[in-house]
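Q:
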Amino acid sequence: MVARITFPASISETLNYNEHKVQKGVAICVAENNFLLPITAMNFYHKLDWFNQRNKLNERATTKTMHVSLNFSPSENFPVDKLNS
Numbered sequence: 531m532v533a534r535i536t537f538p539a540s541i542s543e544t545l546n547y548n549e550h551k552v553q554k555g556v557a558i559c560v561a562e563n564n565f566l567l568p569i570t571a572m573n574f575y576h577k578l579d580w581f582n583q584r585n586k587l588n589e590r591a592t593t594k595t596m597h598v599s600l601n602f603s604p605s606e607n608f609p610v611d612k613l614n615s
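As C-alpha cells, this is what we get:
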C-alpha cells in the first residue's frame with residue numbers, strides 16, 4: 531500500500547478527481563459520514579456545496595482541504611467493510 535497525502539488549494543479539484551475515479555470504476559467510496567442524504571442520492575454539486583459550507587465554518591484556517599489517497603497493490607484485496615473499520 532502507498533499512501534499519498536496532498537493539500538490542494540481547492541476542494542472542487544479533489545472532489546472532481548475522486549468522482550471521475552469512481553465513475554470509471556477504478557475506485558470506490560469506502561465511507562460516507564455526516565451527509566444529510568445517502569451519498570448515492572447526491573450529485574457532484576450537492577457534495578461540493580456540503581464541503582464548501584463546512585469550509586466556511588472556520589475562516590481562520592488557511593488550509594481547509596487534505597486529500598489522502600490509499601493505493602493498494604493488485605495483490606492486496608481487502609473487503610470494503612474491513613477498510614471502513
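Per the working numbering, numbering through the sequence shown is continuous, rising by one, with the last residue being 615.
Backbone N, C-alpha and C define an ideal beta-carbon position, used for all residues, glycine too.
All values derive from a computational prediction rather than experimental measurement.
1) Taking the CB atoms as reference points, tell me whether T592 and T544 lie closer together than 8 Å.
2) Evaluate contact between the region 533 to 550 and the region 606 to 615, counting only Cβ atoms and requiring at least three cross-stretch pairs below 8 Å.
3) As an exercise, report each continuous beta strand (DSSP E) stretch of at least 3 residues that is fully enclosed by the region 552 to 605, in chain order.
4) Work out the CA separation of I541 and L567 for me, nearest whole Å.
5) For the beta strand (DSSP E) holding A533, just list the boundary residues, first then last.
6) Does the Cβ of K577 have 16 or more other Cβ atoms within 10 Å, making it buried, or fewer, making it exposed?
A: If we stick to the structure as given:
1) Remark: C-beta atoms of T592 and T544 do not approach each other more closely than 8 Å.
2) Too few Cβ pairs lie closer than 8 Å, so no.
3) Considered as a whole, the region 552 to 605 harbours 597 to 601 as its complete beta strand (DSSP E) runs of no fewer than 3 residues, in chain order.
4) Straight-line spacing of the CA atoms in L567 and I541 works out to 19 Å.
5) Counting along the chain, A533 sits inside the beta strand (DSSP E) bounded by residues 532 to 536.
6) Within 10 angstroms of the beta-carbon of K577 lie 16 or more other beta-carbons, which makes it buried.
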